[in-house]
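Asker:
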Amino acid sequence: MLTPTVNAISAFDIFEQLLELPADKMMHNLHAFEGIDRTIVEEVKNLIQAHFLNKQDMFLSSLISQSAKSALGYDELLHLRGVIIEGFELTALLGEGGQGVVYKAIRCDGKFDQTVAIKLLYPALNMPKEAIAISSEAQSLAKLNHGSIARVFTIGQHHNYCYMIMDFINGESLDTFFADNAISLDDALALFFKILNALAHAHKQGVVHADIKPSNILVDADKRPVLVDFGISKHLVDMPALAPPEVLGFTPSFSSPEQISGEAVGVSSDVYSVAKMFNAMMLARFSDAELRVRLLSLVLEQAYLEDLKVRTPDIDSLQKMLRAVMHFQIPKDINISFWDKLKCTALRYKYRLVSFVLVLPVLFTVLNILSTKNAELAQQKNENDKAIDYLERLFEAHENNGEFFDILNNPKASSNLGTLSEGEGHVHPKLFSVHVFTNHGGKIGEPIALKVVGEGNHVSDLSFTVTGPGYVSDEGEYRHTFTQVGIHTVTIEAQRHGLGYDKLVLRFVIRDGHSLPIQFKDVPPAHPHYSNIHYLAMRGVVIGRPDQGGDGRVFQPQQIAKQAEALSILFLSAHEKGVITLAKTSRYFRNLRVVNGKGGIEDFTWANAYLEYGNKAGFMPYPERFDPKKPVSKEWFAMIVSELLALYDPDGVDSFSHLNFSDSAEFNSIQSVRYGQLCAFYQLCDLGGSQFQPKRAMTRGEVANVGAKILQMTVRSKTPIN
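Numbering (full-length UniProt numbering), first residue to last: 1 to 722.
#1: Express the C-alpha separation of SER317 and GLU86 in angstroms, rounding to a whole number.
#2: Compute the distance between the beta-carbons of ILE315 and VAL265, then report whether it is under 9 Å.
#3: Exposed or buried, what is GLU702 when buried is set at 16 or more other beta-carbons lying within 10 Å of its beta-carbon?
#4: Does DSSP classify PRO623 as helix, strand or coil?
#5: Would you decide whether GLU624 is buried or exposed? Buried here means 16 or more other CB atoms lie within 10 Å of its CB.
#6: For MET321, name the three-state secondary structure that DSSP assigns.
#7: Can you say whether LYS213 is buried or exposed, counting buried as having 16 or more other CB atoms within 10 angstroms of its CB?
#8: Just checking my contact of MET277 with ALA188 at CB under 8 Å: how many whole Å lie between their CB atoms?
#9: Beta-carbon within less than 7 Å of HIS28's beta-carbon, same chain only, minus the 5 sequence neighbours each way: which residues are those?
#10: Identify every run of the alpha helix (DSSP H) within the UniProt domain "SLH" (516 to 584), keeping only runs that are complete inside it and at least 4 residues long; order them along the chain.
#11: Using the C-alpha atoms, what's the distance from VAL274 back to GLN319?
#12: Are the stretch 661 to 675 and the stretch 595 to 604 touching by the rule of at least three beta carbon pairs closer than 8 Å?
#13: Quick check: what's the CA-CA separation for TRP636 versus MET164?
#14: Hey, could you find the ends of the alpha helix (DSSP H) PRO257 is sitting in?
#15: Go ahead and label LEU19 buried or exposed: buried means 16 or more other beta carbons lie within 10 angstroms of its beta carbon, across all protein chains shown.
#16: What does DSSP give as the partner residue(s) for GLU172 in the beta ladder?
#17: Leaving out five residues on either side along the sequence, give the residues of the same chain with a beta carbon under 8 Å from the beta carbon of LEU30.
#18: Kindly indicate which three-state DSSP category GLN712 falls into: helix, strand or coil?
#19: According to DSSP, is TYR122 helix, strand or coil?
#20: Helix, strand or coil for ARG593 per DSSP?
#21: Taking DSSP as the reference, what is the three-state secondary structure of CYS685?
#22: Out of curiosity, what's the CA-to-CA distance linking ILE369 and LYS343?
#23: Exposed or buried, LYS598, counting other C-beta atoms within 10 Å across all chains shown (16 or more means buried)?
#24: Determine which residues share a DSSP beta bridge with MET164 and list them.
#25: Please check the pair ARG696 and PRO557, which I expect to be a contact at CB under 8 Å, by giving their CB distance rounded to whole angstroms.
#26: List the whole-angstrom C-beta distance separating ASN705 from HIS529, where the pair is believed to meet the contact cut-off of C-beta under 8 Å.
#27: So that I know if they touch, is there some Cβ in chain D lying closer than 9 Å to that of ARG292?
#28: Between the Cα of LYS562 and the Cα atoms of ALA574, ALA150, ARG590, ASP627, which residue gives the shortest distance?
#29: Just to confirm the assignment, what range does the alpha helix (DSSP H) spanning TYR272 have?
#30: With distance defined between alpha-carbon atoms, name the residue in GLU612, GLN683, ALA280 nearest to LEU645.
#31: How about ARG545 and GLN519: are their beta carbons less than 9 Å apart?
#32: Can you check DSSP and say which residues form a bridge with THR91?
#33: Excluding sequence positions up to five away, which residues of its chain have a Cβ less than 7 Å from the Cβ of VAL579?
#34: Would you call the stretch 77 to 92 and the stretch 103 to 110 touching, i.e. three or more CB-CB distances under 8 Å?
#35: Please report how far the alpha carbon of SER460 lies from the alpha carbon of ALA617, in whole angstroms.
#36: Just to check, is the beta-carbon of VAL706 closer than 8 Å to a non-hydrogen atom of the ligand SAH?
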């Protein structure tokens, strides 16, 4: 323990005593020395700062090769502006650090507009197995899909340098954000919890960050923190027990003891780093004279103890302890003074008493209103109003406090509702199914009309309306955030667990490409349509679906495409290209709700806008006969594609020499043959030699491939195909 020596007369004497403390406490404990001349205090501060820099320089020098080749590589990396890597031109140097340099880059292949960040790592010749380690990171990083984690699109090598292409985050580092903004302790905690949620997501995917520091957390204009530099993260799964992962580079200031000593790095190392970082930033900004600051600091110190056995084990535990002290509840592992315990007890009961007094009159008012409302509903016996009331309460509920579950499973939650059905597929058989759909084609910012689906095939004329845009946060709270213009759908789904429905999922699909995962687990880089499927995903045309494990999305490219799915891909691609303009529709085609072989209802009403457009354009004269589940044949597909081509290039479609297919007799009509010829002329329909194969069913991957080609088309020349 440090005992301040009052008669210490030199700055160096004081510095020597401070060296007994952990590095992060040296500056903080300088004030313990009283009666020191201000000049000496400044000298001590300079010594401490020099001590930090010296430690870091020694650490980095052990990582970066001193050979001339490494030095040359270091210089080269600072002057790569204008170099093109995988279709991206490096336009500006964003920064450099212990691992490498980061450039801003823009796509220059003409496919679409995109800005990314590209990180190139130093050669680091003394880092063993670097190339293998970097390559293995691609599989780990592809699993990370969180709003506060910068996505890594690809990892590769350019000449002798490993690089990573990542999200470009237009923001400032966490320490700069703290310095430039007047933020409260609550604001700081809100940011910190978002960072913790991101780390918890990464840890669940078996990935640790391993270099948490303020410069690796960027805060954008919406005050959203984003973790970057997962490039040195470690995959925790399938690692040999005798070969602990070597971290390729990290910053010692906030690194755990086991990381600095070269031992195995795990979840606990990230807990150590993030807690140490936030405690340092909090104490630099807020006075520990405030009770909450003292309590939070004690919890954070528990999370970066050197001894792994007593350190807070994981992010979830850290979050629970932080939330507890925010409400003046003291975890058993935290020791506080008698007076602080007394204050916490008084504050807990104070808030409960005040809350009760404030809520009591409101509660009486609400009960009175509910009683009147229930009486009216009982008289009207209006099932639609009952359904809307139920949906409204679900929108307003918060999943994290159990209110979702109470409403879903408690038959007495509202006298407007009967008991919940135990039958699979319906929450309440007379009110609505678990699926509530809206049309595709609605613009962000417009009201979203939710179709309340009753028993059988009836769809309510009344609809619950919630104003978009918005999303549901990790805590289950519905929020309005999106501002970009795009096309969206919304689905409410109650998921069954045991005998009750215990989870409500509200999914907003924002079809602008900004909120969508870019990687599908079942479309590997070797897939023939890999680039085009993900190109559509980046534009918001395809979204896939969650896989059964719930840890990613799948596209199912080998599955036979349904006609409704093909309409969605082709029409949305044409809409993005500007060939057609989709609009919100109130028209409803009853044939889009199909009863399957199991007696369940499959709802394709999101295709209403596409059927209505095709009908008005003249090439889908009988939309009420449309079978959304029917497999897509090449003949039918060629018809839809050709009608879109006629809108896109009207001169070209009337001036080419027709192809001769050896299987022309298999088409249904001469017009169908012409559709096939036109589709083949624009190289959107593949040929098997001289055969068109009009009856062959097409896969989802093939349809997506054509959708991407529509987005990339230019006007064709009139030269016939030989």
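Backbone N, C-alpha and C define an ideal beta-carbon position, used for all residues, glycine too.
Answerer: Let me spell this out:
#1: Each residue's Cα considered, the two are about 42 Å apart.
#2: no
#3: That one is buried.
#4: helix
#5: exposed
#6: helix
#7: buried
#8: At roughly 12 Å, the Cβ-Cβ gap does not stay under 8 Å, so MET277 and ALA188 are not in contact.
#9: LEU283
#10: List check, alpha helix (DSSP H) in window: 530 to 538, 563 to 577.
#11: 12 Å
#12: no
#13: 42 Å
#14: 257 to 260
#15: exposed
#16: VAL219
#17: Cβ contact annotation for LEU30 (same chain, cutoff 8 Å, sequence separation greater than five): ILE14, LEU18, VAL41, VAL44, LYS45, ILE48, in chain order.
#18: helix
#19: coil
#20: Strand at ARG593.
#21: Of the three classes helix, strand and coil, the one that applies to CYS685 here is coil, per DSSP.
#22: A direct Cα-Cα distance of roughly 39 Å separates ILE369 from LYS343.
#23: LYS598 should be labelled exposed.
#24: LYS119, ILE155
#25: Actually they do not touch by this definition, with Cβ atoms about 16 Å apart.
#26: Between ASN705 and HIS529, the beta carbon gap of about 4 Å places them in contact (Cβ cut-off 8 Å).
#27: Among the chains in the structure shown there is no chain D, since it carries only a single protein chain.
#28: ASP627
#29: Start and end: 267 to 285.
#30: Ranking the options by Cα distance to LEU645, first place goes to GLN683.
#31: Judged by their CB atoms, ARG545 and GLN519 are not nearer to each other than the 9 Å cut-off.
#32: Residue pairing by DSSP leaves THR91 without any beta bridge partner.
#33: Here VAL579 has LEU644, LEU647, TYR648 as same chain residues with Cβ atoms under 7 Å from its own Cβ, once five neighbours each way along the sequence are excluded.
#34: yes
#35: Any reading at SER460 needs caution, since the residue's pLDDT is 37, under 50, leaving its predicted position unreliable; the model's value is listed next. Cα to Cα, SER460 sits roughly 28 Å from ALA617.
#36: No copy of the ligand SAH occurs in the structure displayed, which carries no ligand at all.
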